[in-house]
Amino acid sequence: MDITNLSDEQLAGQRLMVGFEGTEFSRELEFLIDEIKVGGIILFARNLIDPRQIKHLCFGAQEYAHSRGQPPLLIAIDQEGGQVARLKKPFTRFSGNPEMESRLDAERFAQITAKELAEVGINMNMAPVLDVAFNGPESIMAGRSFGHDPPWVSDLGTTVIEHLQKNGIMSVAKHFPGIGRTTLDSHLDMPDLDIDLNTLKATDLLPFEAAIQSKVAGIMLAHIRYQKLDALWPASLSPRIAGDLLRNRMGFDGIVLTDDLDMGAIKKHYDIKSAINQILLADIDMALICHSRPDIETAFNEILNSQASSQTLKVKGEESAGRILTLKRKYLAK
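First residue of the sequence shown? That's 1 in UniProt numbering, and the numbers climb one at a time after it.
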């Protein structure tokens, strides 16, 4: 698993995490692994029946990737507990982040969840939510956030990160730089926030700073336009936010992912080529595309062609693939 051994196609594919249809290993998955050479897959309710089936699906995908000479797959899921928990019974059900009352609650959630994910072959959890729900029940994240106090969110969030990762599951903190102030769902359209950087530093960014100190594996970017940070691009496509703020100023050296590019906040405003071009410029490591097969193919070809035509983007692509492979070596090397 060395970057020097990867083809140009593999370098491009490693930067995609994708969704797919069905509950069994299929020709679609074969295509995504063998032709698109994806770096990861993400599971939703449409892919899940019971522990035995999930294990068969995940292990089958990994075995196929290995047989085709591909690096191991990141296999991700949203298992936050509470409102957003893709795995249903017999997996342990938790009441959710707003109901947590102590570090012990967070530790118990992370330890049990990590064990159950690992048993079925899932190696990455898109959790915890580090958004601070300032607006109480009006916040879009009220039912998913640890609360409205940044130090409390930091404390419980880092506990979840540390105990997921201590038990072999990569943690992805979300949604940078914080969406707890918005009341518009970015699944539907693009929210705008008029918050300055100093305010963010004193509040929303505190949990993410703590997560970086805890060596969180990944950070997911928000589909929100922060007008005083970048009036043109949402965080998920912004060089100023992903590159300058998160990478350079805050010193994050893990993998940076977009939120799902199939969400309304992106689909209503940008075509997939424009979005991918921005991702490449912004030092964002992985594009998340959860639904659209045509978008997945277009994204792969756009990454491949851009890296072939620009030495700068090729170097950036190698750096991103290097970060992804470093994570895979740490968590997935046998």
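Built from N, CA and C at the ideal position, the CB exists for glycine as well.
A quick note: this is a predicted structure, and the numbers were derived from the prediction, not measured.
Cutoff 8 Å; reference residue i; Cβ partners in own chain excluding five residues on either side
| i | result |
| --- | --- |
| Leu32 | Val18, Phe20, Val38, Ile41, Ile296 |
| His291 | Gly19, Asp260, Asp262 |
| Trp152 | Phe146 |
| Lys267 | Leu261 |
| Glu319 | Asp283 |
| Asp2 | Leu325 |
Close Cβ partners of residue i (< 6 Å) along its chain, the five nearest in sequence each way excluded
| i | result |
| --- | --- |
| Gly317 | Leu11, Gln307 |
| Phe134 | His148, Gly180, Arg181 |
| Ala110 | Val160, His163, Leu164 |
| Leu206 | Pro150, Ser154 |
| Gly143 | Gln83 |
Span of the alpha helix (DSSP H), counted from its first residue to its last, around residue i
| i | result |
| --- | --- |
| Ser66 | What sits at residue 66 in the sequence shown is His, not Ser. His66 -> alpha helix (DSSP H) spans 51–67. |
| Ile272 | 272–281 |
| Ile202 | The sequence shown places Ala at residue 202, rather than the Ile named in the question. From DSSP, the alpha helix (DSSP H) with Ala202 extends over 197–202. |
| Leu304 | 293–309 |
| Gly40 | Segment 40–43 is the beta strand (DSSP E) holding Gly40; no alpha helix (DSSP H) there. |
| Phe208 | 205–213 |
| Arg27 | 27–34 |
| Lys166 | 150–166 |
| Arg108 | 103–119 |
| Ala265 | 264–267 |
Element boundaries [beta strand (DSSP E), containing residue i]
| i | result |
| --- | --- |
| Val256 | 255–260 |
| Ser171 | 170–176 |
| Glu80 | 79–81 |
Residue environment, residue i, which counts as buried when at least 16 other CB atoms sit within 10 Å
| i | result |
| --- | --- |
| Glu80 | buried |
| Val129 | buried |
| Gly69 | exposed |
| Ala106 | buried |
| Ser274 | exposed |
| Arg86 | buried |
| Arg323 | buried |
| Asp285 | buried |
| Asp204 | buried |
| Ile49 | exposed |
| Pro294 | exposed |
| Pro328 | A small correction: the amino acid at residue 328 is Lys; Pro does not occupy that position in the sequence shown. Buried: at least 16 other Cβ atoms inside 10 Å. |
| Glu302 | buried |
| Ala202 | exposed |
| Ala45 | exposed |
| Ala333 | exposed |
| Ser102 | exposed |
| Asn123 | buried |
| Ser67 | exposed |
| Asn125 | buried |
| Gly96 | buried |
| Leu104 | exposed |
| Ser7 | exposed |
| Ala118 | exposed |
Cβ neighbours of residue i in the same chain (closer than 7 Å, five flanking residues each side left out)
| i | result |
| --- | --- |
| Lys314 | Gln307 |
| Phe300 | Ala12, Gly13, Leu16, Ile36 |
| Ile279 | Leu237, Thr258, Ala287 |
| Gly243 | Ala282, Asp283 |
| Asp131 | Met141, Ser145, His175, Gly178, Ile179, Gly180 |
| Arg240 | Leu229, Asp230 |
| His269 | Met190 |
| Val120 | Pro51, Ile54, Lys55, Cys58 |
| Tyr331 | Asn123, Gly168, Met170 |
| Thr158 | Ala210, Ala211, Ser214 |
Residues sharing a beta bridge with residue i, DSSP
| i | result |
| --- | --- |
| Arg225 | Asp192 |
| Ala287 | Leu16 |
| Asn125 | Ile77, Ser171 |
| Ile219 | Ala173, Val256 |
| Val84 | Gly81 |
Proximity test, Cβ basis, 8 Å: residue i and chain C
| i | result |
| --- | --- |
| Leu200 | Looking at the structure shown, chain C is missing, and only one protein chain is on hand. |
**Prompt:** Below 8 Å, can you find three or more Cβ-Cβ pairs linking the stretch 211–230 to the stretch 166–176?
**Reply:** yes
**Message:** Quick check: the stretch 191–211 against the stretch 224–231, are at least 3 beta-carbon pairs closer than 8 Å?
**Reply:** yes
**Asked** Taking three-plus beta-carbon pairs below 8 Å as touching, is the stretch 206–214 in contact with the stretch 248–259?
**Response** yes
**Prompt:** Can we say the stretch 60–68 touches the stretch 88–102, given the rule of at least three CB pairs closer than 8 Å?
**Reply:** no
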